[in-house]
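Below: the structure, in structure tokens.
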């Protein structure tokens with residue numbers, strides 16, 4: 038039986054065209070898996086290989102009529118070699134204590150999330166933050182969801198939300214202390230998840246979508262090699 042045989046029963050729904058959240062003056066259309074569809078880890082993994090992404094309780098993929106700028110990206114864990122800046126980032130954060138926890142629906146986690154959105158993404162769709170939004174987006178765990186805390190002398194400085202799939206780890210979202218610029222916490226959390234995926238024996242770390250014209254997505258191309266999904270085929274992006 039093909040690993041994609043479950044896809045025959047998946048019903049997809051589409052949104053109406055709406056303003057793109059990444060590129061100005063463009064319209065976006067999103068297809069998503071019918072929320073009534075039973076999705077287990079195997080099906081979720083197959084959908085991730087086809088470019089789907091999870092947000093809260095939904096699995097979705099951009100499918101815009103006139104634009105193909107959103108390109109699924111993943112790091113091939115076995116081939117990844119950190120560059121000089123990434124090695125420095127790793128060393129700068131050696132003092133952090135890292136914990137895998139069962140949940141993040143606490144005042145401490147929400148307050149860090151709210152500060153992060155207010156200072157780093159005030160121009161985005163998640164501004165202004167709210168507790169309800171935080172819960173629906175990040176705290177409603179699927180069976181494969183893992184929460185990772187990064188603490189400096191007990192103080193929470195970053196949190197990563199990840200899903201463990203059969204063929205990789207999907208980095209769902211990371212939020213961190215916006216005042217800790219010197220630590221480069223966003224990069225460090227990716228580096229940690231690469232190592233974690235390696236320890237789990239999984240081949241990939243899924244990073245969501247890479248958009249060449251979007252400056253906020255530029256950090257993803259700093260992790261080399263990186264694979265992009267184009268025309269239903271994963272291939273390593275040329276430097």
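In my numbering, the protein residues as written are 38 to 276. We put the beta carbon where it would ideally sit given N, CA and C, even for glycine.
Within 9 Å, strictly: CB atoms of residue i and residue j
i           : j           : result
residue 74  : residue 47  : yes
residue 221 : residue 126 : yes
residue 113 : residue 276 : no
residue 153 : residue 185 : no
residue 212 : residue 150 : yes
residue 66  : residue 56  : no
residue 227 : residue 187 : no
residue 179 : residue 79  : no
residue 110 : residue 237 : no
residue 210 : residue 174 : yes
residue 104 : residue 157 : no
residue 70  : residue 60  : no
residue 106 : residue 250 : yes
residue 142 : residue 196 : no
residue 280 : residue 233 : An answer regarding residue 280 cannot be provided, because it is not within the stretch 38 to 276 covered by the chain.
residue 137 : residue 183 : yes
residue 145 : residue 58  : no
residue 205 : residue 82  : yes
residue 235 : residue 115 : yes
residue 129 : residue 225 : yes
residue 243 : residue 202 : yes
residue 131 : residue 147 : no
Residue i - DSSP class collapsed to helix/strand/coil
i           : result
residue 265 : strand
residue 164 : coil
residue 225 : helix
residue 171 : helix
residue 38  : Low per-residue confidence applies at residue 38: pLDDT is 46, beneath 50, and the placement is therefore not dependable, though the value from the model is reported in the following sentence. Of the three classes helix, strand and coil, the one that applies to residue 38 here is coil, per DSSP.
residue 158 : coil
residue 239 : coil
residue 178 : coil
residue 53  : coil
residue 48  : coil
8 Å contact criterion, which residue i and residue j should meet: CB distance rounded
i           : j           : result
residue 273 : residue 262 : 5 Å
residue 68  : residue 51  : 5 Å
residue 72  : residue 88  : Wrong, their Cβ atoms sit about 19 Å apart, outside the cutoff.
Strand pairing of residue i, partner residues [DSSP]
i           : result
residue 245 : 110
residue 199 : 183 and 208
residue 151 : According to DSSP, which records beta bridges pairwise, residue 151 is partnered with nothing at all.
residue 276 : Per DSSP, none; premise fails for residue 276.
residue 138 : 184
residue 192 : 189
residue 271 : 266
residue 286 : As shown, the chain starts at 38 and ends at 276. That puts residue 286 outside it, with no answer to give.
Subject >> Segments assigned alpha helix (DSSP H), at least 4 residues, entirely inside the region 58–135 >> reply: 78–86 and 121–129
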